[in-house]
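Asker:
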Amino acid sequence: MANENQLTIEQRLRIIEAKLAIYELIASHPPSADSGLAEYTASVYMEDGVFNRGEGLDGAKGVAAIAAFILRPAHEEAIKSGLAHFAGLPLIDLRGDTAVVTSYLQLLQLDKQGAPREMANHGTSTGYRIHRVVVNRWELECHDGRWKIRSRTLLPVDGSEAPRQLLARGLADVLQATYQNPLTATEQDHE
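Counting from 1 along the sequence shown, just add 628 to a position and that's the residue number in the working numbering.
1. Which residues does DSSP pair with Thr730 in a beta bridge?
2. Going by the DSSP bridge assignment, what does Arg757 pair with across the sheet?
3. How many Å lie between Ile698 and Ala655 at the Cα?
4. Does DSSP put Ala712 in a helix, a strand or coil?
5. Between which two residues does the beta strand (DSSP E) harbouring Ser779 extend?
6. Please list, in chain order, all residues of the same chain as Ile694 whose beta carbon is under 7 Å from its beta carbon, the five residues on each side excluded.
7. Beta-carbon separation of Leu719 and Val802 under 8 Å?
8. Sorted by chain position, which residues of the same chain lie with C-beta nearer than 7 Å to Ser709's C-beta, five sequence neighbours on each side aside?
9. Just to confirm my understanding: we take Val785, look at its own chain, exclude 5 residues before and 5 after, and list those with CB closer than 7 Å. What are they?
10. Look up Glu683 in the DSSP assignment and say whether it is helix, strand or coil.
11. For Ala748, which three-state DSSP category applies?
12. Provide the residue(s) that pair with His771 in DSSP beta bridges, ordered along the chain.
13. Could you compute how far the alpha carbon of Arg700 sits from the alpha carbon of Gly682?
14. Tell me which residue opens and which closes the alpha helix (DSSP H) that Arg593 is part of.
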């Protein structure tokens, strides 16, 4: 039996289920982007969702415009050149029916100009090169038991202050909610 300062088993289970669903949502991005599945992208964004790629790269507002990114000829060309999105394990700041997720993403590309190298039992490859590393801030909402993306901001790791601040903010939120009060953290902790 939980005391007034502890979460019940049911509350803990809801938190675990929510975090698992969020992990699956974030993990779905690389395969959906690398396979060009615009329908999937459309299904995981809110109708009025926002995709912000920072300065110098265009973004999109609205689910149709966001899904259209995957259908661009330039994206198809990138896929055919060996594009691979490689995501790091995200930090999740769960706030009831909303969540903020902070994560890294690497964009890898087949290195067609690299020297062929053989690996035992794995064949020969010219390898991959890291094209870009970005930090992400995903703002999510849960409606009817399904987590969707309200907004996503990604900033290149380029030595500037903005991506560092995004990472620090995400880490501070998770530390406050999870580690300072592990048995009592609820959505009210962030209000």
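All C-beta atoms, glycine included, are put in the ideal place defined by N, C-alpha and C.
Answerer: Inspection of the coordinates gives the following:
1. Leu719 and Arg765
2. Gln737
3. 17 Å
4. strand
5. Arg774 to Pro784
6. Thr669, Tyr673, Gly677, Phe679 and Ala688
7. yes
8. Gln737 and Leu738
9. Val761, Val762, Val763 and Pro791
10. coil
11. coil
12. Arg774
13. 19 Å
14. For residue 593 there is no data in the structure shown, the boundaries of the chain being 629 and 819.
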